[in-house]
Amino acid sequence: MDPGTAVGIASLGFQVCQGLLAYYDGWKGYGPDITNAYNYIAELAKTLMHLRDSLENERLDGARTARMKSCLQSCEEGLTRLSKKLQKLQTYTEPEGLRQKTWDKIQKAWYPCRASTLVKLRETVDDVHHRLTLAILALQLDISAGCQGTLAQVAADTRETAERTVTIESFVAQVCAQNERLLGTQQSDRFGKIVDWLSPPDSWMSHALARQRHEPGTGAWLLQSDRYRRWKAGEINHLWLHGKAGSGKTVLCSTVIEDIRVHCENATDSGYGMFYFSFSDNQKQSYENLLLSLVVQFAWKESVLSLLRQEYERPDRRLPGPEKLENILLSSTYSYKETFILIDALDECPEDGNIRQNVLGCLERLSQRAPNLKLFASSRELRDVRETMEVLVSEPLPVATCSVDRDIQSWVSTELSRDRRLARLDVATKASIQQVIAQKANGMFRWAYCQLQELKKLKSAKPKYVREILSSLPATLDETYERMLASIGAMYHAEALTLLRWLAFSQRPLSLAELAEAAIIDPSGDGTVDFENRGDVQDVLDILSGLITTSEIEKNNDTEKALGVAQSTAFFLPHGQATKMKLAHFSVKEYLISDRSNHSYPRLQQGREHQQIARSCLAYLQYYSSSDFKKLTDQDFSTFPLLEYASSLWFFHSRQQRDVDCRWELRLLSSEDCKKDWLLAYNPDLQSIGNFCGFNNMGCGLYYAALLGLENVVEVFTVAGTDVDSEGGRHGNALQAASREGHERIVQMLIKRGSRVNATVGVYGNALQAASRGGHKKIVEMLIANGADVNAHGGIRDNALHAASYWGHGDVVELLIDKGADVNACGGKYGNALQAASYTGAEPVVGMLAQRGADINARGGKHGHALQAASLQGHQNIVEMLIGQGVDVNAQGGCSGNALMAASSEGHEKIVQMLLHHGVDIDAPGGDFGSALQAASFEGHDNVARVLIDAGANICAQGGNYNDALQAASISGHEKVVEMLIDAGADVNAQGGEYGNALQAAWLEGHAKILGMLIFNGAVVEYGPEFVERMMERGDLCNPPEHLCSIATLFTDDLESGSGPTIEHLQFV
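Just so you know, the sequence shown maps onto residues 2 to 1070 in our numbering.
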């Protein structure tokens, strides 16, 4: 039929759709995606058929016929595209022949049914649909009433077709988005695991809270200041913002962080990290957590991530120490042209335990070693901070009182407009509030905030009441807090004191429910828990209004960490558990513990308050143990909101108290029932919450007192005649527990009471190994002086020297050797101390052991010898040291076969080059991979593979699990390595190994591009009975996975003939 006519064009379209339907009819039962494709083509065919019939049945005059023809001719291009697509589809035959029928379920993902094919069909159908609509409109201008029904059906069919194509488009879009999300997840999965392992404090949460308190426009004076601009431009290295308490330094710091964040996002060679110290959160007070947080923030750079990955992939998963973290942080600064580190509230970093000294020392070292570092820090003007800033040659930037007062005035104005009642005040009264508060604030945002809160509490906002408040404002923050405390009713004084005690000295921030629960405990006398007199958790907020602040804990994967609950616990957040409480400001705690004024409440004293909290926790645990409501399941953490805190931290507070009275601790540890219930809630041996499934080997009361460092309790137990060698617990006895945790006085006490220093018990076998593992040199000396056997075997590391070497405790290693430890003693996972130290990268220990007579070629252990262990882990300096000592670079043995294979499998290019330079046999067989090239190929280390190939490695060497390097790379999907090996002359048809050959390996593992590369380079497509049997064993014949479906497009010709795909076919892979 002539396609130039209107009817002819409609008929052409119908015929094309019929052809498409005829083709897809053979496949439509193979899956919903193909069935959907068939259905929407059928709908388009029906639409065209209705249109064709309508045109044939209607008598149109010449003008109308011409108009209809013009409209339909515009559809010709789209219909022609559909016709060409049909011709292309018809080159893909239906299943015929035994082998094709075997693969028919896999072939459903050929070109005809790919997502890209459906998308192109959808685009073509859309185009035709649009043009058909114009034709329908033209036809509807002059048709009879009888034809209107037909054309309405045509329009309906067209709309339905359009809806179907939209549905397909939506589905394809969802799949694409899903794949993108999956790809993102795969890329960040390892980083996420490393972050979970490091568990740094969440600096972004602190930043978000600070930004919530920021009023737009305030703090602009800082960003516009000459010193800040010069610092940002690099004219000044470091900037120190200092000001008095309550002057808004944290919010100002957050403003700087936001400015630097935007700056770094617009500059590819700039990086930044930030940290907020906090007096109310122990996690945000330590030197280690500062380093952890900064390292994680910089870890998206591959150079930094690779360093963390090395630490993470240690088999013991021990966290890197401060020195290692500091080095990683230093390395991260080299990844950028300029690196900003921004730290708020250095003054809230505790002085106890030299924490602040360590932090300030770290900043000095970073500044000296990283010339591109730009430090911004804020604090009050404290002597030690000022001295460090002077050493750093930091430019001081005092918080300008006049500028802050202007910010305060602006903030007060905004707050007045936000408060419903105060907003109704007349203009003059509002202006008076702004003026008075700004004038009297004297640069203290905190003071201004407190006064405005008092105004908001007015039961009536009449101007006279406002003027009365303004006329009697307290002059200082201290006076402000005194008034707040005095305003608490007398009947609530005891409860308020309890709440303030917990807020000031709790080991971590408490939830609202925990704090409310603490208020019902009376630690005096024998201790009581008034469970029946619980109030509403919101009562806490009312009693301490103005002195506390709250933040919500998001219910996500970090919730358990925020509450201190182990991830393994099926924990949930009832009412009040999702709200975290803390004192409103650092100045509140300072006031409560000071003697600057006549308090309405007794001054809080650290030792006494810790004692009261410890006794409250112990009273709560005893109440829990005797309660009829306990279920000994995770539900108990909801029923008893303070259970997690009390069970896991009572001993922290016990250690802080100065009172020698330990009756409360003895009561818990001497009662078998109470002790067992406590251990079910929290096991200190494992440091795990929620052990309600039970545990084995419970220790005696003395054991747990020794483990937790409770000296007074240990003394009472021993004086009372408790068996000091009573066995139980993870560490076997009290002496090993105390030795492992470094409690020197308790170790001394136990030895004095006759504890056997060589008792063979516990995870470490003996107390000496436990102390050596912990690096506690003084305890090691004490044990040896009292007869400990330095060469005793047993326990997780076999001997003390092995344990100290593995953990890199050089001073203990030296001491043990001086006391007669055998440097070549065999045993343990790593065979000897030298291999253990080489594996963990304890470079000074390796040098010491070698110098003191360790056999550098000693065989044994998981990695065969020290060189292989160091090569596997990438410890280049240790490899160099061992080679310099004359180690055998070709030594065989261990899980990797030899050192070259170990380094190759992990991609340590420099070590590979070093070994080659020192004469290693490049083709030495052994290990799971058979050769170094196969190891590098399987793991995808193309850089190492290139080094080995250029050095003359045998490309076709056979052996190992995967027969040769090409099959190994094909299995793992490393296209670049496959290409490299083929270019170097690899035999694409080599037979052997787990998969038979490289082609079958690529097919079975779903690597379509590698499959094509192999075929184009001469791989023979032959699948014998063994291959089919393997597929049947895997279940792929009955239920093929997606990756097999995707590569079926390669095999478009009859596989029985043995012919391979064409270039045209492969371009769609």
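Cβ coordinates follow ideal geometry from the N, Cα and C atoms, glycine included.
Alpha carbon to alpha carbon, what distance is there between residue j and residue i?
| i | j | result |
| --- | --- | --- |
| LEU1045 | GLU1006 | Note that LEU1045 scores 48 on pLDDT, short of 50, meaning its location in the model is unreliable; the coordinates nonetheless yield the value given after this. Cα to Cα, the separation comes out at about 8 Å. |
| GLY811 | ASP686 | 26 Å |
| VAL708 | GLY729 | Rather than Val, the amino acid found at residue 708 in this sequence is Leu. Between LEU708 and GLY729, the C-alpha separation is close to 12 Å. |
| GLN874 | PRO321 | 15 Å |
| SER1047 | LEU1012 | The predicted position of SER1047 is uncertain, since its pLDDT is 46 and thus under 50; no value can be drawn from it. |
| ALA1020 | ILE956 | 16 Å |
| ILE169 | TYR39 | Reliability of the predicted coordinates at ILE169 is poor, the pLDDT of 38 falling under 50, and the value obtained from them is presented with this limitation in mind. Rounded to whole angstroms, ILE169 to TYR39 spans 12 Å at the Cα level. |
| GLN623 | LYS583 | 27 Å |
| GLY235 | ASP406 | 29 Å |
| ARG656 | LEU711 | 6 Å |
| SER368 | ALA346 | 19 Å |
| LEU593 | HIS586 | 11 Å |
| ALA552 | LEU513 | The amino acid at residue 552 is misidentified as Ala; the sequence shows Ser. Using only the alpha carbons, I get a separation of about 10 Å. |
| LEU183 | GLN508 | Caution is warranted here: a pLDDT of 34 is assigned to LEU183, below 50, making its placement in the model unreliable, and no coordinate value can be reported. |
| ILE438 | GLY362 | 40 Å |
| GLU416 | PHE630 | 47 Å |
| GLY1073 | ARG731 | Outside the modelled stretch of the chain, which goes from 2 to 1070, sits residue 1073, for which no answer is possible. |
| LEU21 | LYS1010 | 29 Å |
| ASP988 | GLY961 | 16 Å |
| GLY733 | HIS494 | 47 Å |
| LEU453 | LYS441 | 12 Å |
Taking the beta strand (DSSP E) that residue i belongs to, which residues open and close that run?
| i | result |
| --- | --- |
| GLY763 | Run containing GLY763: none; DSSP gives neither H nor E here. |
| MET582 | 580-584 |
| PHE377 | 374-380 |
| TRP241 | 239-243 |
Leaving out the 5 sequence neighbours to the left and right, which residues in its chain are closer than 7 Å to residue i when beta-carbon positions are compared?
| i | result |
| --- | --- |
| GLY941 | SER973, HIS975, VAL978 |
| SER84 | VAL17 |
Which residues in the same chain have their Cβ closer than 8 Å to the Cβ of residue i, if we skip the five residues on either side of it in sequence?
| i | result |
| --- | --- |
| PRO201 | ASN290, LEU293, SER294, VAL296, VAL297 |
| GLN19 | ALA46 |
| ALA371 | LEU331, THR334, TYR335, THR340 |
| LYS676 | LEU669, LEU670, MET699, GLY702, TYR705 |
| GLN284 | PRO202, ASN290, ARG509 |
| ALA146 | Model confidence at ALA146 stands at a pLDDT of 38, short of 50, so the residue's coordinates are unreliable; what they give is reported in the following sentence. Result list for ALA146: empty, nothing under 8 Å. |
| ARG860 | GLY832, HIS866, ALA892, GLY894 |
Report the option in the options whose CA atom is closest to the CA atom of residue i.
| i | options | result |
| --- | --- | --- |
| ASP819 | ARG853, ALA805, ARG798, ALA804 | ARG853 |
| LYS863 | ALA903, GLU455, PRO510, CYS675 | ALA903 |
| SER671 | ASP678, ALA491, GLY702 | GLY702 |
| ASP527 | MET915, LYS460, LEU619 | LEU619 |
| SER906 | CYS363, VAL847, ALA933, GLN749 | ALA933 |
| LYS778 | GLU815, ASN792, ARG757 | GLU815 |
| THR761 | MET750, ASP726, GLY755, ALA739 | ASP726 |
| ASP270 | LEU374, ALA838, SER971, PRO464 | LEU374 |
| TYR229 | LEU456, ILE258, ALA246, GLU533 | ILE258 |
| GLY700 | GLU716, ASP929, ASP724 | ASP724 |
| ASP678 | GLU666, PHE693, TRP665, GLN688 | PHE693 |
| ALA11 | LEU22, CYS76, ARG384 | CYS76 |
Going by beta carbon distance, what residues of the same chain come within less than 6 Å of residue i, once the five residues before and after it are set aside?
| i | result |
| --- | --- |
| GLN16 | none |
| ILE195 | LEU309, TYR313 |
| GLY775 | ARG741, GLY743 |
| LEU564 | Residue confidence is low: LEU564 scores 33 on pLDDT, short of 50, so the model does not pin down where it sits. No coordinate-derived value is stated. |
| LEU804 | Leu is not the amino acid found at residue 804; the sequence shown has Ala there. Taken in chain order, the residues that qualify are GLN770, SER773, ARG774, ARG798. |
| ILE342 | GLY274, LEU376 |
Please list the terminal residues of the continuous alpha helix (DSSP H) segment that includes residue i.
| i | result |
| --- | --- |
| GLY274 | First-last for GLY274: 271-277, but that is the beta strand (DSSP E), not the alpha helix (DSSP H). |
| PRO464 | 464-472 |
| LEU1000 | 999-1006 |
| LEU513 | 513-519 |
Can you list the beta strand (DSSP E) stretches of 3 or more residues lying completely in the region 312-355, in chain order? 339-345
Quick one: which unbroken alpha helix (DSSP H) runs of 4-plus residues sit fully inside the region 188-232? Chain order, please. 204-213, 221-225
Could you tell me which uninterrupted alpha helix (DSSP H) segments, each at least 4 residues in length, are contained entirely in the region 799-842, listed from first to last along the chain? 801-807, 811-819, 834-841
Those runs of the alpha helix (DSSP H) which lie wholly inside the region 437-508 and span at least 4 residues: 446-457, 464-472, 478-487, 494-506
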